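Under the working numbering, the first residue of the sequence shown is numbered 23, with each subsequent residue one higher.
Backbone N, C-alpha and C define an ideal beta-carbon position, used for all residues, glycine too.
Just so you know, these numbers come straight off a predicted model, no measurement behind them.
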Amino acid sequence: MSKITIDTDTSRATPAPKPGKRMTVPKIRARKGDPEAEPLVMLTAYTMRQAQLLDAHCDMLLVGDSLGNVIYGLDSTVPVTIEMMINHGAAVVRGSWHAQVTVDMPFGSYEESKEVAFRNASRILKETGASAVKLEGGEAMAETIHFLNARGIPVIGHVGLTPQAINLLGSYRARGRDEAEAAKVLADARAVAEAGAFALVIEGVMEEIADEITESVDIPTIGIGASAKCDGQVLVTEDMLGLFERVPRFVKRYHDLAGEMSDAVERYAAEVRSRSFPTDEQTYRPKG
Ligand SMILES: Nc1nc(=O)c2c([nH]1)NC[C@@H]1CN(c3ccc(C(=O)N[C@@H](CCC(=O)O)C(=O)O)cc3)CN21
Ligand SMILES: CC(C)C(=O)C(=O)O
Ligand SMILES: [Mg+2]
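Pasting the structure below:
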């Protein structure tokens, strides 16, 4: 039997925190005007340890309301609560020191009025330590985005496929397939940018619409199922690591973590059943 060695050197995964070096909203905003700038790298994070492992490699971490699907086993993001977002947001901020952290505003926490949106967004920033919020919607949310931004809350917009509207949309298929839908997505993107959002997530739209948006707004666009020409890309971490079973077509799988976890657990279960775990090494006994 081959001896398994566990790498206990955590320095690669968790470099020492560098106080004061965290990526800021203005620096992200400024990427748009810089022709030399590399695309923005964003991934979702829901836990402290996940944030630690992603932080050094990412410009931005998103505490996505996709945690409803991925962590809580819900079949949409509609039931996600502000308490869930705050608990996971605070954990992610504790596990990161380099990346800028944005927290998704959950369905029902911002649509009613700009005042309700400010109350909930300010609570999210106060109780998590994150530096921005993201909310779904275009023209209908422009006033709210302006209101938050004018009062010190940086906002990322999210247009195209907006999963919180699943009950209205009926499916998660890509948007902008016909002329009218394409024009609406473009108008939404422009409204969000003009309202003062510092970045814009474009999800699940035809490539040419994403390209037209990226060319016509003055803030960085972050694509997910959008276009390689966006100013950045985002994916759900569990999807790209192969931890989540049903993934959209726009996901590239960089690993099979589910397979590796299953293999490790299978070996543990077999060793418990055969009494080959624990051994002397894992057992406390009086010395001598
Ligand atoms: N794990 C996970 N990854 C995500 O990207 C994600 C979430 N959860 N939860 C919130 C939303 C929901 N999103 C989704 C969910 C499903 C599809 C999907 O199944 N798309 C199909 C086409 C669907 C259809 O035609 O009806 C595809 O093949 O891409 C796309 C985006 C994106 N977001
Ligand atoms: C997929 C990204 C953009 C998101 O909104 C989420 O993870 O909730
Ligand atoms: Mg989301």
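- The beta carbon of C80 sits closer than 7 Å to the beta carbons of V63, M64, L65 and A121 from its chain, once the five residues preceding and following it are set aside; these are given in chain order.
- For S88, the shortest separation between its Cβ and any heavy atom of ligand 3 lies below 7 Å.
- Going by C-alpha positions, V47 is about 15 Å away from D253.
- Between V100 and Q186, the beta carbon gap of about 6 Å places them in contact (Cβ cut-off 8 Å).
- Exclusion of the five residues before and after K136 leaves E165, T166 and F169 as the residues of its chain whose Cβ lies within less than 7 Å of its Cβ.
- Bridge partners of I178 according to DSSP: K156 and A221.
- Residue range E201 to E216 is occupied by the alpha helix (DSSP H) that includes D210.
- Contact check between the region 169 to 179 and the region 72 to 79: fewer than three CB pairs, one atom from each, fall below 8 Å, which does not count as touching.
- In terms of Cβ geometry, L84 and V256 form a close pair [threshold 8 Å].
- Using a Cβ-Cβ distance cut-off of 8 Å, the region 191 to 211 and the region 227 to 245 are in contact, since at least three pairs of beta carbons, one from each stretch, lie closer than that value.
- In the three-state reduction of the DSSP assignment, D261 falls in the helix class, which pools H, G and I.
- F220 is positioned such that its CB atom lies no closer than 8 Å to that of R44.
- Shortest Cα-Cα distance from T259 to any of P57, G151 and A280 involves A280.
- Excluding five sequence positions before and after V239, the CB atoms of its chain that fall closer than 7 Å to its own CB belong to A211, R212, A215 and L222, given in chain order.
- Around the beta carbon of P242, a 10 Å sphere encloses 16 or more other beta carbons of the protein chains shown; the residue is thus reported as buried.
- E158 has its Cβ no nearer than 7 Å to any heavy atom of ligand 1.
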